[in-house]
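Per the working numbering, the sequence shown starts with residue 1, numbered consecutively. Right, one structure below, let's go through it.
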Amino acid sequence: MVLSPSRWTVLLPLLAIGALGCGDDEPETPPLTTLTIPFEARVGSQPFACGQRYTGLGTTKTAYDPQDFRLFVHDVRLVSDTGQEVPVRLTADRVWQAEDVALLDFADTAGLCSNGTSQTNTRVVGTVPEGTYRGLRFRLGVPFALNHQDVSTAPPPFDDPVLFWGWRSGYLFLRIDGRTTGLPGGYFMHLGSTDCAAPPAGQTSGTAGCDFPNRPEVSLENFEPGTGKVVVDLAALLAEANLDVNADVPNTSLGCMSQKEDPDCTPIFHRMGLSLDKQSPAPSAQSFIRAE
Numbered sequence: 001m002v003l004s005p006s007r008w009t010v011l012l013p014l015l016a017i018g019a020l021g022c023g024d025d026e027p028e029t030p031p032l033t034t035l036t037i038p039f040e041a042r043v044g045s046q047p048f049a050c051g052q053r054y055t056g057l058g059t060t061k062t063a064y065d066p067q068d069f070r071l072f073v074h075d076v077r078l079v080s081d082t083g084q085e086v087p088v089r090l091t092a093d094r095v096w097q098a099e100d101v102a103l104l105d106f107a108d109t110a111g112l113c114s115n116g117t118s119q120t121n122t123r124v125v126g127t128v129p130e131g132t133y134r135g136l137r138f139r140l141g142v143p144f145a146l147n148h149q150d151v152s153t154a155p156p157p158f159d160d161p162v163l164f165w166g167w168r169s170g171y172l173f174l175r176i177d178g179r180t181t182g183l184p185g186g187y188f189m190h191l192g193s194t195d196c197a198a199p200p201a202g203q204t205s206g207t208a209g210c211d212f213p214n215r216p217e218v219s220l221e222n223f224e225p226g227t228g229k230v231v232v233d234l235a236a237l238l239a240e241a242n243l244d245v246n247a248d249v250p251n252t253s254l255g256c257m258s259q260k261e262d263p264d265c266t267p268i269f270h271r272m273g274l275s276l277d278k279q280s281p282a283p284s285a286q287s288f289i290r291a292e
């Protein structure tokens, strides 16, 4: 439970009295409380579900049959009523969460969704100091220190090879696959780090760094812990993309797989608050994820 302003006001004098009575100059640390952040996948106004057909997506208003919808998040923070960022320590369950990273999985095995499992995960769970909070911030993706590990020996949630490109590029931070009217073979949206260098000297795996880390920041200033939820809107992400035609550019993938040479990525990256040109900032903040 996150305390209301009135409750927090009552606690402060008590903490001060306790500190004076003990003769201890160190301020007491507020106790930790468990926080659950619900995530909901939608396609516009409709709940996302494998096996469901959606219409009116993208610039051509195409029909869309989902095949996968998963994403990693990390660096989760609440924003206090004074504007201070307070890290959320994610609870390591070794299924969906580990090392302060969470895998959100909205795809079961219904319909065309065959990559994952029947289980889904639609929440992030962690602990924060009791206090008054008014916002939520996090990053999509896996942090660099964990992004280039060996998926064959990694623990959950890092052990799924379907969410891994390779040691140099690392994990797919966001995987959204679907079949459209114009591309019945599939339109694939995969976000991950690109243009990654060879391994550091003396190493045989990993990378010395990536020109395009592609870990977008999500800032939801109107999120209310305890009552609010995070909405991940597939229709909003794909709103300015042509999902029926793949750009005729050599050596690029069907849909967008984070290649800077692929014009199909431009409108999608802009919706995530990212730029395909490392010399230029994104034209606007992300509009893919919102708080309700």
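From the three backbone atoms N, C-alpha and C, an ideal C-beta is built for every residue, glycine too.
Within 10 Å of its beta-carbon, does residue i have 16 or more other beta-carbons around it, so buried, or fewer, so exposed?
i      : result
Cys22  : No answer about Cys22 holds up, because its pLDDT of 49 lies below 50 and its placement is not dependable.
Asn246 : buried
Arg215 : buried
Ser280 : exposed
Asp233 : buried
Asn222 : exposed
Ala145 : exposed
Arg89  : exposed
Asp68  : buried
Arg94  : exposed
Lys278 : exposed
Ser6   : Residue placement at Ser6 is poorly supported in this model, since its pLDDT is 34, which falls under 50; the coordinates still yield a value, given next. Looking at its Cβ environment, which holds fewer than 16 other Cβ atoms inside 10 Å, Ser6 is exposed.
Gly18  : Its pLDDT being 46, under 50, Gly18 is placed unreliably by the model, and the measurement read from it follows with that caveat. By the neighbour-count rule (16 or more Cβ atoms within 10 Å), Gly18 is not buried but exposed.
Gly202 : exposed
Leu276 : buried
Gly273 : buried
Val211 : For the record, residue 211 in the displayed sequence is Asp; it is not Val. Label assigned to Asp211: exposed.
Gln46  : exposed
To the nearest angstrom, how far is the alpha carbon of residue i from that of residue j?
i      : j      : result
Gln97  : Thr34  : 15 Å
Ala110 : Leu174 : 20 Å
Ala197 : His148 : 12 Å
Asp108 : Glu28  : 45 Å
Gly228 : Val101 : 21 Å
Gly178 : Tyr171 : 19 Å
Leu57  : Val230 : 21 Å
Asp195 : Pro31  : 44 Å
Arg168 : Thr207 : 5 Å
Asp244 : Gln84  : 44 Å
Ala291 : Thr36  : 14 Å
Ala282 : Ser219 : 15 Å
Thr301 : Ala241 : What the structure shows of the chain is the stretch from 1 to 292, and residue 301 is not part of that stretch, so it cannot be assessed.
Ala239 : Gln119 : 28 Å
Ala236 : Ser258 : 18 Å
Gly44  : Ile289 : 11 Å
Asp293 : Phe39  : No answer is possible for residue 293: the residues shown for the chain start at 1 and end at 292.
Arg271 : Val124 : 23 Å
Glu99  : Arg139 : 14 Å
Asp150 : Pro156 : 12 Å
Lys260 : Pro129 : 41 Å
Leu163 : Asn121 : 15 Å
Per DSSP, which one or two residues make a beta bridge with residue i?
i      : result
Glu85  : Val79
Asp233 : Arg42
Leu220 : Leu136
Leu57  : Thr62
Asp105 : Arg70 and Asn121
Val128 : Thr33
Arg290 : Val231
Pro47  : Arg42
Gly255 : Phe188
Ala198 : Partner(s): none; Ala198 has no beta bridge.
Leu238 : For Leu238, which the question treats as bridged, DSSP gives no partner whatsoever.
Pro90  : A small fix is needed here, since residue 90 is Leu in this sequence, not Pro. Its beta-bridge partners are Gly126.
Let me check you understand the geometry: is the CB of residue i closer than 7 Å to at least one non-hydrogen atom of the ligand NAD?
i      : result
Ala197 : Ligands are entirely absent from the displayed structure, and the ligand NAD is therefore not among its contents.
Indicate whether the contact test is met: 3 or more Cβ pairs, each with one atom in the stretch 123-135 and one in the stretch 66-86, closer than 8 Å.
They touch, by the three-pair rule.
For the structure I just gave you, are there three or more beta carbon pairs, one from the stretch 110-125 and one from the stretch 40-59, closer than 8 Å?
Cβ pair count under 8 Å is three or more, so yes.
Could you give the uninterrupted runs of the beta strand (DSSP E) lying entirely in the stretch 158-196, keeping only those of 3 residues or more?
Runs of the beta strand (DSSP E) inside the stretch 158-196: 164-166, 174-180, 187-191 and 194-196.
Below 8 Å, can you find three or more Cβ-Cβ pairs linking the stretch 175-189 to the stretch 247-254?
Cβ pair count under 8 Å is three or more, so yes.
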